[in-house]
Amino acid sequence: MALIDLIFDMNPWWRDRQSINQDKHIRTFEASKIKWRPPLLKIPLNEDALHIIKGPRQVGKTTLIKLFIKNLLADDKVSEKDIFFLSIDAAKTVDEVLEVILYYFKTIKTSNRRYLFLDEASFHPKWPRGIKVLIDMGFDRNTTYVVTGSSALDLKRSSEKLPGRRGKGCDFVLLPLSFRQFLSIIYPQIKLVPINYISEILEKKEADFFDFRMYKTELEGALHAYLKTGGFPAWIDAHLKGESDEHLLMTFRAIIEGDMARLKKTISFLMHIALPILKHIGTPVDWKKLAVETGMGSHHTAHDYINILSDSYILYFLQALDINKNLPKLRKGKKIYPFDPIISTILLTYHPYLRIEDSELIEAVVGGHLLRKSQFITTGLSSISGLFYWHSKAGKEVDFVFLDQKGLQSIEVKYQNHVTLRDSITMIRHFNNGLLLSKKDFEVGPNVLMLPISWFLAMI
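Okay, so the sequence shown: first residue is 0 according to numbering that gives the first Met the number 0, each after it adds one.
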């Protein structure tokens with residue numbers, strides 16, 4: 000069937016305004032126990048703009064679009080034909096995308112604002128060429144475009160081809176739920192004050208943690224649950240319903256493999272690269288060693304695969320900090336982590352005999368949450384700025400060093416029993432501050448704070 004015929008099925012509200020309620024994404028959302036409404040639903044749609052929303056597959060980008068559409072259809076001032084949705088992965092070429100959108104603009108005459116939602120643009124990296132033609136023809140006036148995709152790198156390169164043509168458009172990223180967001184769903188009665196900057200935590204006094212102590216049991220339980228579900232809505236919903244997540248794991252794995260195949264990458268390499276990633280969580284590894292362990296041959300190939308997975312928000316990697324320059328040491332080994340607990344579970348399907356310790360998974364979660372504070376996260380996770388690990392010539396190491404408005408903040412993860420402030424000596428000696436994240440212990444000291452990991456994650 001031609002794409003121009005498919006758009007009528009993709010936009011059933013043109014025939015019946017109420018048909019949005021029968022959309023499979025809306026029905027799944029309504030049947031879900033969590034009904035997560037991302038903050039991105041507040042993106043203004045009343046301006047001439049081309050917004051780009053990035054994020055991993057299965058995180059809910061299409062559901063977000065359908066919620067946008069449902070909200071618009073609830074407004075009597077918006078005509079159902081003012082709203083256009085197109086799943087770009089259904090198109091064979093960019094020219095076909097352009098043809099269909101031009102057909103819509105020229106056929107549907109209106110003086111109202113138009114809302115164009117273009118889903119999964121990553122399938123056609125040359126999509127900006129079609130948008131550029133539309134904008135140059137004047138189809139940006141009184142029009143809001145929302146484009147989604149799962150590859151931050153593809154979308155970044157694509158958006159760079161539209162200089163001066165995005166109006167008031169911005170880049171956004173839809174990520175799996177953070178622990179704090181997860182907590183708000185399973186314990187909506189718990190209201191804990193968030194922080195804006197990591198350095199704020201060290202300024203807190205013991206009395207500021209009264210509520211955290213009060214909800215200590217709930218926070219610990221929520222963290223254990225989060226390690227099983229991660230922040231992907233479908234997994235959280237399955238957990239709350241007591242359902243198996245086996246089909247979700249296989250579906251997500253198939254999607255990742257499909258994306259790699261679309262990029263002409265060897266699927267077997269994905270299986271091979273999963274092994275050292277799982278084996279070396281929290282341990283520096285260089286690209287050459289990764290290439291040898293995976294049989295890829297070239298360290299450039301290994302780097303390329305990690306970059307692709309990082310720009311798809313599946314993995315992230317940290318570089319060593321040059322403490323004298325506040326810059327990464329490019330030749331040092333990289334620490335590679337799964338971005339979300341569920342990613343590690345998916346990678347384990349390739350190597351089910353392996354076991355990831357909770358301490359390793361916790362370290363990955365802490366790093367992933369620190370990344371959410373990075374202003375560059377919309378560009379993907381292969382170009383991280385402001386988050387490092389530190390290793391001295393004497394063999395001393397700090398898990399994370401975060402650069403915020405007050406300088407370098409050092410963070411050490413000790414997911415074990417009986418942690419003391421003495422474990423922060425390296426941080427104090429080299430950074431003059433330290434945030435020591437423990438399993439359960441809490442203590443305030445000079446320029447150092449030891450607090451349970453669940454408390455920390457609930458704040459950021």
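Don't be surprised by glycine CBs; every beta carbon is placed ideally from N, CA and C.
Keep in mind it's a predicted model, so treat the numbers as computed, not measured.
- For the region 103-175, the continuous beta strand (DSSP E) assignments of 3+ residues that do not extend past its boundaries occur at 113-118, 142-148, 170-172, in sequence order.
- For A48, the enclosing beta strand (DSSP E) starts and ends at 48-53.
- T147 places its beta carbon 8 Å or farther from that of I6.
- Taking the C-beta atoms as reference points, L420 is found no nearer than 8 Å to E396.
- Within the region 267-316, the runs of alpha helix (DSSP H) that reach at least 4 residues and sit entirely inside it are, in chain order, 286-293, 298-310.
- C-alpha of L370 to C-alpha of A290: approximately 26 Å in a straight line.
- Annotated three-state conformation of I64 is helix, per DSSP.
- In this structure the region 344-361 lies against the region 271-278, because at least three pairs of beta carbons, one per stretch, are closer than 8 Å.
- Residue environment: P43 is assigned as exposed (fewer than 16 neighbouring CB atoms within 10 Å of its CB, all protein chains considered).
- Beta-bridge analysis with DSSP links F387 to Q318, V400.
- Contiguous beta strand (DSSP E) elements confined to the region 73-107 occur at 82-86, taking only those with 3 or more residues.
- Apart from the 5 residues on each side of it in sequence, D81 sits with its Cβ closer than 7 Å to the Cβ of T109, N111, R112, R113, Y114 in its chain, given in chain order.
- Taking the CA atoms as reference points, T61 sits about 10 Å from I25.
- Under DSSP, G444 shares a beta bridge with V447.
- S437 has its alpha-carbon roughly 5 Å from the corresponding atom of K413.
- E411 is bridged by DSSP to L435.
- In this model, I197 and W389 are separated by some 17 Å (Cα to Cα).
- Secondary structure at K334: strand, using DSSP grouped into helix, strand and coil.
- For L326, there is no enclosing alpha helix (DSSP H); the enclosing beta strand (DSSP E) covers residues 326-328.
- H50 is the residue among H50, R128, Y214, E95 whose C-alpha sits nearest the C-alpha of F116.
- Excluding its 5 nearest sequence neighbours in each direction, L133 has C-beta neighbours in its own chain below 8 Å: L97, I100, L101, F104, D139, listed in chain order.
- The straight-line gap separating the alpha-carbon atoms of K34 and F251 is approximately 20 Å.
- Relative to the Cα of L40, the nearest Cα in the group D47, G394, I64 belongs to I64.
- In the structure shown, the three-state DSSP call for G367 is helix.
- Contact between Y336 and L314 holds: CB atoms are separated by about 7 Å, below the 8 Å threshold.
- Here the alpha carbon of F181 sits roughly 16 Å from the alpha carbon of T216.
- Taking C-beta atoms as the reference points, Q408 and L380 fail to come closer than 8 Å.
- Contact check for F338 and G367: beta-carbon distance about 5 Å, within the 8 Å limit, so the pair qualifies.
- Short of 7 Å from the beta carbon of R128, and not among the five residues preceding or following it, lie these beta carbons of its own chain, in chain order: V93.
- F231: not part of any alpha helix (DSSP H); DSSP gives it neither H nor E.
- Following the DSSP letters along the chain, one finds A206 in no alpha helix (DSSP H), marked with neither H nor E.
- Leaving aside the five residues that flank G294 on each side, the residues in its chain whose CB is nearer than 7 Å to its CB run, in chain order, H271.
- By the beta-carbon neighbour count (other beta carbons within 10 angstroms, threshold 16), Q57 is buried.
- Contact check for T377 and V145: beta-carbon distance about 15 Å, past the 8 Å limit, so the pair fails to qualify.
- In the structure shown, G394 falls within a coil segment according to DSSP collapsed to helix, strand and coil.
- In this structure, T142 is the residue among S149, I189, T142 with its C-alpha nearest to the C-alpha of K167.
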